[in-house]
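Written below as structure tokens is the structure these notes are about.
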Amino acid sequence: MVIRALPKAEILPFTQTLLESLGAVSQACDQASVLWFHTLLTDRASDLKDTVQTILSITSIYLRCVEAPEPRGLLAQAVSVLAQHHQEPVVTYLLQRPLPLDRWSVPSVRW
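If you're matching positions, the sequence shown starts at 1 in the UniProt record's numbering and goes up one per residue.
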């Protein structure tokens, strides 16, 4: 119900606040933040059409910063939820970005 009352102009700041909290307190807080994010993506899908690229940009920043596997997996699921509602802009955004590398499995290259 709270998500539906959120003004459209507040969606991006709310999204950023949710993602900023990842890894800050506890795993339970991370799960709650991502649950709110999923709810926002699902319940307000029609209001997000103009902000899909920005939401993906914010999400990709936090995917690079968060090291714990659970929030990373939940964020990846959130991108999937966003793609269910806005497939073309999500695919376009992802195709314009380099492939992510797992820094722990790729050996360092020294020149």
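No residue lacks a Cβ here, since even glycine has one placed at the ideal position from N, Cα and C.
On the criterion of 16 or more Cβ atoms from any shown chain inside 10 Å, does residue i qualify as buried, or is it exposed?
i: serine 105; result: For serine 105, the pLDDT reaches just 49, beneath the cut-off of 50, and the residue's location in the model is therefore unreliable, although a value from the coordinates is still provided. Label assigned to serine 105: exposed.
i: serine 46; result: exposed
i: leucine 18; result: buried
i: leucine 56; result: buried
i: leucine 48; result: buried
Return the chain-ordered list of same chain residues with a C-beta closer than 7 Å to the C-beta of residue i, the five sequence neighbours on each side being excluded.
i: tryptophan 111; result: Caution applies to tryptophan 111, whose pLDDT of 47 falls short of 50 and renders its modelled position unreliable; the model cannot decide the point.
i: aspartate 43; result: Ile3 and Arg4
i: threonine 39; result: Ile3
Find out if the Cβ-Cβ distance for the pair residue i, residue j is shorter than 8 Å.
i: leucine 75; j: tyrosine 62; result: yes
i: leucine 41; j: alanine 9; result: no
i: proline 89; j: valine 52; result: yes
i: glutamine 16; j: isoleucine 58; result: yes
i: threonine 54; j: leucine 95; result: no
For residue i, does the three-state DSSP call read helix, strand or coil?
i: leucine 22; result: coil
i: valine 34; result: helix
i: arginine 4; result: helix
Quick one: what's got a C-beta closer than 8 Å to residue i's C-beta in the same chain, skipping five residues either side?
i: serine 21; result: Cys29, Asp30 and Ser33
i: arginine 72; result: Leu63 and Val66
i: leucine 6; result: Phe14, Leu40 and Arg44
Sorted by chain position, which residues of the same chain lie with C-beta nearer than 6 Å to residue i's C-beta, five sequence neighbours on each side aside?
i: valine 109; result: Residue placement at valine 109 is poorly supported in this model, since its pLDDT is 47, which falls under 50; the coordinates are not used for a value here.
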